[in-house]
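A short write-up of the structure that comes next.
Residue numbers (full-length UniProt numbering): 1 to 373.
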(Lines of atoms letter the chains of each structure in order from A and count residues from 1; the text may use other names and numbers.)
(Lines give C-alpha, C1' and ligand atoms only; values in the text may rest on other atoms or scores of the structure.)
Protein backbone atom coordinates (compact mmCIF):
# COMPACT_ATOMS: atom_id res chain seq x y z
CA UNK A 1 0.00 0.00 0.00
CA UNK A 2 1.27 3.45 -0.93
CA UNK A 3 1.73 5.68 2.12
CA UNK A 4 1.38 9.42 2.75
CA UNK A 5 2.82 11.08 5.85
CA UNK A 6 1.27 14.36 7.02
CA UNK A 7 3.35 16.76 9.11
CA UNK A 8 1.68 19.00 11.71
CA UNK A 9 3.31 21.16 14.33
CA UNK A 10 1.45 24.41 14.96
CA UNK A 11 -2.27 25.05 15.29
CA UNK A 12 -2.83 26.44 11.75
CA UNK A 13 -1.52 23.13 10.41
CA UNK A 14 -4.34 21.13 11.96
CA UNK A 15 -7.10 22.99 10.10
CA UNK A 16 -5.28 22.34 6.83
CA UNK A 17 -4.41 18.68 7.34
CA UNK A 18 -7.80 17.52 8.67
CA UNK A 19 -9.72 17.91 5.36
CA UNK A 20 -6.90 16.26 3.38
CA UNK A 21 -6.73 13.32 5.80
CA UNK A 22 -10.51 12.92 5.71
CA UNK A 23 -10.66 13.06 1.89
CA UNK A 24 -7.82 10.57 1.42
CA UNK A 25 -9.55 8.14 3.79
CA UNK A 26 -12.86 8.49 1.93
CA UNK A 27 -11.61 8.59 -1.65
CA UNK A 28 -8.48 6.43 -1.94
CA UNK A 29 -6.78 3.27 -0.74
CA UNK A 30 -3.71 5.21 0.36
CA UNK A 31 -2.29 4.56 3.79
CA UNK A 32 -1.53 7.65 5.87
CA UNK A 33 0.20 8.67 9.08
CA UNK A 34 0.13 11.94 11.00
CA UNK A 35 3.35 13.12 12.64
CA UNK A 36 2.99 15.85 15.28
CA UNK A 37 6.34 17.54 15.81
CA UNK A 38 5.26 19.19 19.05
CA UNK A 39 6.22 22.67 17.83
CA UNK A 40 3.08 23.88 19.65
CA UNK A 41 3.26 21.82 22.81
CA UNK A 42 0.60 23.56 24.93
CA UNK A 43 -2.60 21.46 25.02
CA UNK A 44 -4.68 24.62 24.54
CA UNK A 45 -2.69 25.40 21.40
CA UNK A 46 -2.65 21.87 20.04
CA UNK A 47 -4.49 18.85 21.44
CA UNK A 48 -7.96 20.40 21.52
CA UNK A 49 -7.76 21.03 17.79
CA UNK A 50 -7.61 17.32 16.99
CA UNK A 51 -10.92 16.76 18.76
CA UNK A 52 -12.58 19.84 17.26
CA UNK A 53 -11.57 18.97 13.70
CA UNK A 54 -12.20 15.23 13.83
CA UNK A 55 -8.54 14.55 13.09
CA UNK A 56 -7.35 11.24 14.59
CA UNK A 57 -4.66 11.53 17.26
CA UNK A 58 -1.23 11.57 15.61
CA UNK A 59 0.35 8.15 15.21
CA UNK A 60 3.75 9.66 16.00
CA UNK A 61 4.51 12.56 18.35
CA UNK A 62 8.07 13.89 18.25
CA UNK A 63 7.69 16.12 21.33
CA UNK A 64 10.20 18.73 20.16
CA UNK A 65 8.94 21.69 22.21
CA UNK A 66 10.39 25.17 22.30
CA UNK A 67 13.77 26.54 21.26
CA UNK A 68 15.32 28.92 18.77
CA UNK A 69 14.46 28.51 15.10
CA UNK A 70 17.71 26.64 14.53
CA UNK A 71 17.28 24.40 17.58
CA UNK A 72 13.68 23.53 16.75
CA UNK A 73 14.38 22.85 13.09
CA UNK A 74 17.48 20.77 13.79
CA UNK A 75 15.76 18.61 16.42
CA UNK A 76 12.84 18.01 14.08
CA UNK A 77 15.15 17.01 11.24
CA UNK A 78 16.96 14.46 13.39
CA UNK A 79 13.72 12.84 14.57
CA UNK A 80 11.95 13.01 11.21
CA UNK A 81 14.83 11.29 9.48
CA UNK A 82 14.47 8.34 11.85
CA UNK A 83 10.73 8.11 11.21
CA UNK A 84 11.02 8.44 7.43
CA UNK A 85 13.72 5.77 7.23
CA UNK A 86 11.52 3.41 9.23
CA UNK A 87 8.15 4.18 7.61
CA UNK A 88 9.40 4.64 4.02
CA UNK A 89 6.63 7.00 2.88
CA UNK A 90 5.83 7.38 -0.81
CA UNK A 91 4.89 11.03 -0.28
CA UNK A 92 5.29 13.53 2.54
CA UNK A 93 2.66 16.27 2.71
CA UNK A 94 3.46 19.54 4.48
CA UNK A 95 1.30 22.62 4.98
CA UNK A 96 1.95 26.29 5.62
CA UNK A 97 5.21 27.95 6.60
CA UNK A 98 6.21 26.88 10.12
CA UNK A 99 9.50 25.29 11.23
CA UNK A 100 7.91 21.83 11.04
CA UNK A 101 7.31 22.45 7.33
CA UNK A 102 10.86 23.46 6.42
CA UNK A 103 12.35 20.66 8.56
CA UNK A 104 10.35 18.03 6.66
CA UNK A 105 11.27 19.63 3.33
CA UNK A 106 14.99 19.43 4.06
CA UNK A 107 14.85 15.82 5.26
CA UNK A 108 12.73 14.56 2.35
CA UNK A 109 15.07 16.29 -0.10
CA UNK A 110 18.12 14.53 1.30
CA UNK A 111 16.31 11.16 1.42
CA UNK A 112 14.84 11.57 -2.10
CA UNK A 113 11.25 11.26 -0.84
CA UNK A 114 8.63 13.13 -2.90
CA UNK A 115 7.28 16.22 -1.12
CA UNK A 116 4.00 18.08 -1.51
CA UNK A 117 3.62 21.63 -0.20
CA UNK A 118 0.03 22.65 0.50
CA UNK A 119 -0.33 26.45 0.46
CA UNK A 120 2.63 26.90 -1.86
CA UNK A 121 3.51 30.17 -3.57
CA UNK A 122 2.48 32.64 -0.87
CA UNK A 123 4.94 35.51 -0.50
CA UNK A 124 5.21 38.55 1.76
CA UNK A 125 8.51 39.53 0.03
CA UNK A 126 10.01 40.25 3.46
CA UNK A 127 13.08 38.06 3.76
CA UNK A 128 13.64 39.09 7.39
CA UNK A 129 10.57 37.01 8.32
CA UNK A 130 11.47 33.41 9.23
CA UNK A 131 8.17 32.26 7.70
CA UNK A 132 9.11 33.76 4.34
CA UNK A 133 12.37 31.80 4.29
CA UNK A 134 10.43 28.65 5.17
CA UNK A 135 7.98 29.28 2.31
CA UNK A 136 10.63 29.96 -0.33
CA UNK A 137 12.89 27.03 0.56
CA UNK A 138 10.02 24.55 0.93
CA UNK A 139 8.69 25.50 -2.50
CA UNK A 140 12.14 25.03 -4.06
CA UNK A 141 12.34 21.51 -2.64
CA UNK A 142 8.77 20.37 -3.42
CA UNK A 143 7.64 18.00 -6.15
CA UNK A 144 4.00 19.10 -5.89
CA UNK A 145 3.18 22.76 -5.23
CA UNK A 146 -0.49 23.13 -4.31
CA UNK A 147 -1.61 26.75 -4.39
CA UNK A 148 -4.62 28.44 -2.76
CA UNK A 149 -4.98 31.28 -5.29
CA UNK A 150 -3.74 32.46 -8.68
CA UNK A 151 -1.38 35.07 -7.24
CA UNK A 152 0.53 32.18 -5.65
CA UNK A 153 0.79 30.51 -9.08
CA UNK A 154 2.19 33.75 -10.49
CA UNK A 155 4.80 34.01 -7.72
CA UNK A 156 6.06 30.49 -8.41
CA UNK A 157 6.25 31.04 -12.15
CA UNK A 158 8.27 34.24 -11.61
CA UNK A 159 10.70 32.20 -9.50
CA UNK A 160 11.22 29.73 -12.34
CA UNK A 161 9.20 26.80 -10.99
CA UNK A 162 8.17 24.35 -13.73
CA UNK A 163 4.42 24.87 -14.38
CA UNK A 164 3.81 21.11 -14.42
CA UNK A 165 4.55 21.00 -10.69
CA UNK A 166 2.07 23.79 -9.83
CA UNK A 167 -1.57 22.90 -9.07
CA UNK A 168 -4.24 25.43 -8.15
CA UNK A 169 -6.41 23.56 -5.62
CA UNK A 170 -7.98 26.31 -3.49
CA UNK A 171 -7.75 27.01 0.23
CA UNK A 172 -7.95 23.84 2.29
CA UNK A 173 -8.39 25.74 5.57
CA UNK A 174 -11.75 26.96 4.28
CA UNK A 175 -12.84 23.30 4.07
CA UNK A 176 -12.48 23.09 7.86
CA UNK A 177 -14.27 26.39 8.37
CA UNK A 178 -17.28 25.50 6.22
CA UNK A 179 -17.64 22.01 7.64
CA UNK A 180 -17.40 23.29 11.24
CA UNK A 181 -19.40 26.52 11.19
CA UNK A 182 -22.81 25.02 11.96
CA UNK A 183 -21.42 23.20 14.98
CA UNK A 184 -19.55 26.32 16.11
CA UNK A 185 -22.68 28.46 15.84
CA UNK A 186 -24.44 26.17 18.33
CA UNK A 187 -21.87 26.76 21.07
CA UNK A 188 -22.79 29.08 24.00
CA UNK A 189 -19.50 30.99 23.69
CA UNK A 190 -21.03 34.43 23.14
CA UNK A 191 -23.52 33.96 25.95
CA UNK A 192 -20.75 32.84 28.30
CA UNK A 193 -18.73 35.95 27.44
CA UNK A 194 -21.73 38.26 27.75
CA UNK A 195 -21.62 39.25 24.07
CA UNK A 196 -24.14 39.86 21.29
CA UNK A 197 -23.58 39.02 17.60
CA UNK A 198 -21.87 41.91 15.76
CA UNK A 199 -21.50 43.70 19.09
CA UNK A 200 -17.83 43.06 19.78
CA UNK A 201 -14.32 42.94 18.31
CA UNK A 202 -11.90 39.98 18.26
CA UNK A 203 -8.15 40.64 18.52
CA UNK A 204 -5.11 38.37 18.28
CA UNK A 205 -1.39 39.13 18.50
CA UNK A 206 1.32 36.51 18.33
CA UNK A 207 3.95 37.30 15.68
CA UNK A 208 7.44 37.78 17.16
CA UNK A 209 7.92 40.92 15.05
CA UNK A 210 5.01 42.46 16.97
CA UNK A 211 5.13 41.00 20.45
CA UNK A 212 8.90 40.78 21.00
CA UNK A 213 9.34 44.53 20.47
CA UNK A 214 8.33 46.20 23.78
CA UNK A 215 7.52 49.59 22.24
CA UNK A 216 5.55 48.09 19.36
CA UNK A 217 3.67 45.71 21.65
CA UNK A 218 2.73 48.52 24.04
CA UNK A 219 1.42 50.60 21.12
CA UNK A 220 -0.70 47.75 19.72
CA UNK A 221 -2.12 46.92 23.14
CA UNK A 222 -2.90 50.60 23.60
CA UNK A 223 -5.01 50.48 20.44
CA UNK A 224 -6.94 47.48 21.77
CA UNK A 225 -7.61 49.33 25.02
CA UNK A 226 -8.91 52.33 23.03
CA UNK A 227 -11.18 50.15 20.87
CA UNK A 228 -12.52 48.49 24.03
CA UNK A 229 -13.96 51.88 25.02
CA UNK A 230 -16.26 51.63 21.98
CA UNK A 231 -17.06 47.91 21.86
CA UNK A 232 -15.99 44.89 23.94
CA UNK A 233 -12.76 43.33 22.67
CA UNK A 234 -12.22 39.58 23.03
CA UNK A 235 -8.46 38.99 23.21
CA UNK A 236 -7.36 35.31 23.38
CA UNK A 237 -3.78 35.70 24.60
CA UNK A 238 -1.14 33.54 22.92
CA UNK A 239 1.40 32.07 25.40
CA UNK A 240 4.23 34.03 23.78
CA UNK A 241 2.24 37.25 24.04
CA UNK A 242 1.24 36.59 27.64
CA UNK A 243 4.90 36.08 28.53
CA UNK A 244 5.91 39.40 26.95
CA UNK A 245 3.00 41.23 28.59
CA UNK A 246 4.15 39.94 31.97
CA UNK A 247 7.79 40.86 31.33
CA UNK A 248 6.78 44.42 30.42
CA UNK A 249 4.50 44.74 33.46
CA UNK A 250 1.48 45.49 31.25
CA UNK A 251 -0.84 42.86 32.73
CA UNK A 252 -2.54 44.94 35.47
CA UNK A 253 -3.35 47.81 33.10
CA UNK A 254 -4.88 45.45 30.53
CA UNK A 255 -6.88 43.52 33.11
CA UNK A 256 -8.30 46.75 34.54
CA UNK A 257 -9.44 48.06 31.14
CA UNK A 258 -13.26 47.93 30.94
CA UNK A 259 -14.45 46.05 27.89
CA UNK A 260 -11.15 44.26 27.24
CA UNK A 261 -11.71 40.54 27.78
CA UNK A 262 -8.39 38.70 28.13
CA UNK A 263 -9.04 34.98 27.73
CA UNK A 264 -6.95 31.85 27.27
CA UNK A 265 -6.40 30.48 23.74
CA UNK A 266 -9.60 28.86 22.48
CA UNK A 267 -10.27 25.60 20.70
CA UNK A 268 -11.04 25.75 16.99
CA UNK A 269 -14.83 25.55 17.26
CA UNK A 270 -15.01 27.96 20.17
CA UNK A 271 -12.83 30.51 18.38
CA UNK A 272 -14.79 30.13 15.14
CA UNK A 273 -18.01 30.81 17.01
CA UNK A 274 -16.50 34.11 18.16
CA UNK A 275 -14.80 35.27 14.94
CA UNK A 276 -17.73 34.42 12.67
CA UNK A 277 -20.08 36.72 14.58
CA UNK A 278 -17.66 39.61 15.27
CA UNK A 279 -18.14 43.14 13.97
CA UNK A 280 -14.39 43.40 13.41
CA UNK A 281 -11.28 41.22 13.70
CA UNK A 282 -7.90 42.82 14.42
CA UNK A 283 -4.98 40.44 13.97
CA UNK A 284 -1.44 39.67 12.83
CA UNK A 285 -2.43 36.10 11.90
CA UNK A 286 -2.26 34.86 8.32
CA UNK A 287 -4.99 32.26 8.78
CA UNK A 288 -7.46 34.76 10.22
CA UNK A 289 -7.06 36.96 7.15
CA UNK A 290 -8.32 34.01 5.10
CA UNK A 291 -11.07 32.94 7.48
CA UNK A 292 -12.52 36.43 7.78
CA UNK A 293 -12.50 36.73 3.99
CA UNK A 294 -14.49 33.50 3.72
CA UNK A 295 -16.89 34.74 6.44
CA UNK A 296 -17.05 38.29 4.99
CA UNK A 297 -16.09 39.75 8.38
CA UNK A 298 -14.05 42.99 8.29
CA UNK A 299 -10.40 42.33 9.18
CA UNK A 300 -7.59 44.75 10.00
CA UNK A 301 -4.18 43.12 9.65
CA UNK A 302 -1.66 44.74 11.98
CA UNK A 303 1.41 44.06 9.85
CA UNK A 304 3.26 45.98 7.17
CA UNK A 305 2.79 43.32 4.49
CA UNK A 306 0.72 40.22 3.89
CA UNK A 307 1.59 36.99 2.09
CA UNK A 308 -2.14 36.62 1.38
CA UNK A 309 -2.88 39.59 -0.93
CA UNK A 310 -5.96 37.83 -2.31
CA UNK A 311 -7.68 38.61 1.01
CA UNK A 312 -7.09 42.32 0.35
CA UNK A 313 -7.73 42.34 -3.40
CA UNK A 314 -10.87 40.20 -3.22
CA UNK A 315 -11.79 39.71 0.41
CA UNK A 316 -12.66 41.78 3.47
CA UNK A 317 -9.11 42.29 4.74
CA UNK A 318 -7.19 45.58 5.02
CA UNK A 319 -3.48 45.78 5.89
CA UNK A 320 -3.06 48.71 8.30
CA UNK A 321 0.54 48.34 9.46
CA UNK A 322 1.65 48.77 13.07
CA UNK A 323 1.30 52.52 13.56
CA UNK A 324 -1.23 52.98 16.41
CA UNK A 325 -2.75 56.14 14.92
CA UNK A 326 -3.40 54.46 11.57
CA UNK A 327 -4.90 51.38 13.23
CA UNK A 328 -7.18 53.50 15.42
CA UNK A 329 -8.42 55.42 12.39
CA UNK A 330 -9.18 52.23 10.49
CA UNK A 331 -10.91 50.60 13.48
CA UNK A 332 -13.07 53.68 14.08
CA UNK A 333 -14.06 53.67 10.44
CA UNK A 334 -15.15 50.03 10.53
CA UNK A 335 -17.03 50.46 13.80
CA UNK A 336 -18.87 53.40 12.22
CA UNK A 337 -20.05 51.07 9.44
CA UNK A 338 -17.60 52.15 6.75
CA UNK A 339 -15.87 49.03 5.48
CA UNK A 340 -15.48 47.26 2.17
CA UNK A 341 -17.65 44.29 1.29
CA UNK A 342 -15.45 41.43 0.11
CA UNK A 343 -16.23 38.27 -1.82
CA UNK A 344 -14.99 34.70 -1.57
CA UNK A 345 -12.00 33.89 -3.82
CA UNK A 346 -12.00 31.22 -6.51
CA UNK A 347 -12.06 27.59 -5.30
CA UNK A 348 -12.50 28.52 -1.63
CA UNK A 349 -15.51 26.22 -1.78
CA UNK A 350 -14.97 23.53 0.86
CA UNK A 351 -13.75 20.90 -1.63
CA UNK A 352 -10.01 21.55 -1.67
CA UNK A 353 -9.30 18.44 0.41
CA UNK A 354 -11.03 16.30 -2.22
CA UNK A 355 -9.01 17.88 -5.02
CA UNK A 356 -5.79 17.21 -3.08
CA UNK A 357 -6.74 13.59 -2.38
CA UNK A 358 -7.39 13.01 -6.08
CA UNK A 359 -4.09 14.67 -7.00
CA UNK A 360 -2.14 12.51 -4.52
CA UNK A 361 -3.82 9.38 -5.86
CA UNK A 362 -2.87 10.28 -9.44
CA UNK A 363 0.68 11.17 -8.43
CA UNK A 364 1.12 7.82 -6.68
CA UNK A 365 -0.71 5.77 -9.32
CA UNK A 366 -3.65 4.82 -7.10
CA UNK A 367 -7.27 4.86 -8.27
CA UNK A 368 -9.81 6.98 -6.42
CA UNK A 369 -12.88 5.26 -5.03
CA UNK A 370 -15.17 7.68 -6.84
CA UNK A 371 -14.65 10.31 -9.50
CA UNK A 372 -14.51 13.89 -8.39
CA UNK A 373 -17.63 15.81 -9.41
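For every residue, glycine included, the Cβ atom is placed at its ideal position computed from N, Cα and C. In this text, all values refer to a predicted model and were calculated from it rather than measured experimentally.
| Query | Result |
| --- | --- |
| Same chain, Cβ closer than 8 Å to residue 32, neighbours up to 5 away in sequence not counted | 3, 4, 5, 6, 21, 24, 25 |
| Strand pairing of residue 95, partner residues [DSSP] | 118 |
| Through-space distance from residue 130 to residue 304, alpha-carbon basis | 15 Å |
| Rounded distance between the beta-carbons of residue 98 and residue 10, thought under 8 Å | 5 Å |
| Sufficient close CB pairs (3 or more, under 8 Å) joining the region 226 to 240 to the region 137 to 150 | no |
| Three CB pairs or more closer than 8 Å across the region 67 to 81 and the region 112 to 125 | no |
| Pairwise C-alpha distance: residue 302 and residue 65 | 27 Å |
| When 203, 140, 273, 144 are compared against residue 192, the one with the closest alpha-carbon | 273 |
| Contact between the region 201 to 211 and the region 166 to 174 (3+ Cβ pairs under 8 Å) | no |
| Reduced DSSP category for residue 221 - H, G, I as helix; E, B as strand; rest coil | helix |
| Strand pairing of residue 188, partner residues [DSSP] | Looking at the DSSP assignment, residue 188 forms no beta bridge with any residue, so it has no partner. |
| Opposing strand residues paired with residue 33 [DSSP bridges] | 5 |
| Where the beta strand (DSSP E) through residue 367 begins and ends | It is not in any beta strand (DSSP E) - residue 367 carries neither H nor E in the DSSP assignment. |
| Residues of its chain near residue 366, where Cβ-Cβ distance is below 7 Å and the 5 sequence neighbours each way are ignored | 2, 28, 29, 30 |
| CA-to-CA distance, residue 341 to residue 39, given in whole angstroms | 36 Å |
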